[in-house]
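Let me begin by presenting the structure, written as structure tokens, before commenting on it.
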């Protein structure tokens, strides 16, 4: 199904973005509103603002609050990423919550359901290089952590639901106030407990939040592809990626190398596990497919994402000291 919207016609349709109090949802709402789109949002943690409603994806009753509008397109950004959260809660939000939203959207005759998913659906193979959509299968088995499995099950349900869809598999996203990657790296670098493993030359794929806006616009214009895509912008060596943080933090550090087996004594430190795994094996997700299908090229360099993340970190730290 190709809706083939023009930018002019897109302004007249209604778009619902779930999770506009989150990092990605908040950015997309502001970006698309600034581009002239008619945007509505749902929030969970804070009070709703203009064109927003309070919403809990775990509760059927919450869906009643959405029925006053007929949304043409829904962008679902809701999800629990924190690995410290209970497994039951993660499945209730990431899988069953998505299922409820998809069922409701289908009944409302939604023309395009855009799922913000994750490269974590590749399971243990989300660590490594050349993890393309064609060669790397989605994994739902019990060897994957709950976040991976819950996102994989959500994708599978969307595909079988009959709703027109596009699935975007994001890595950890870079940018101002990013809540996963930068906060972990900055803390470890400043405390002096960041380490490499292996030859430091493995490839790491990035996604700067500012590049996501232009991509979403392309997805909106072209319409549902009923397919899934690695949603990354650039690929660089892990060592170069880390050195960009060091440069922007203006710190001097002698980073040492540790054995991959050091994870056995740091199993409770999930940030350590990722840091060592990315260094040893890489986290590379080719983006040729998404660039070709949506005729998209990222506008901003990934280095700007690192700069933004560190600037927001410094601002936060200065506010804490006041």
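In my numbering, the protein residues as written are 5 to 326.
Using N, Cα and C, we set each Cβ at its ideal position, and we do this for glycine too.
Secondary structure note for residue 239: its beta strand (DSSP E) is the uninterrupted segment 238-241.
For residue 47, the enclosing beta strand (DSSP E) starts and ends at 42-47. Beta-carbon to beta-carbon, residue 264 and residue 284 are separated by about 5 Å, close enough to satisfy the 8 Å threshold. The closest CA to that of residue 249, considering only 191, 58, 291, is found on 191. Excluding its 5 nearest sequence neighbours in each direction, residue 291 has C-beta neighbours in its own chain below 6 Å: 234, 236, listed in chain order. Secondary structure in the region 162-213: the beta strand (DSSP E) runs of 3 residues or longer, each lying completely within the stretch, are 169-174, 207-210 in chain order. Contact between residue 99 and residue 109 is ruled out by a C-beta separation of about 16 Å, above the 8 Å threshold. By the beta-carbon neighbour count (other beta carbons within 10 angstroms, threshold 16), residue 206 is buried.
Where residue 102 is concerned, the enclosing alpha helix (DSSP H) starts and stops at 102-111. In its chain, beyond the 5 residues on either side, 155, 158, 159, 171, 172, 173, 174, 232 have a beta carbon closer than 8 Å to the beta carbon of residue 121. For residue 265, the three-state secondary structure derived from DSSP is helix. Contact annotation: the region 77-84 touches the region 20-36, with at least three C-beta pairs closer than 8 Å. Using a Cβ distance threshold of 8 Å, residue 313 and residue 180 count as a contacting pair.
Burial is judged here by how many other beta carbons sit within 10 angstroms of a residue's own beta carbon; residue 33 has at least 16 and is buried.
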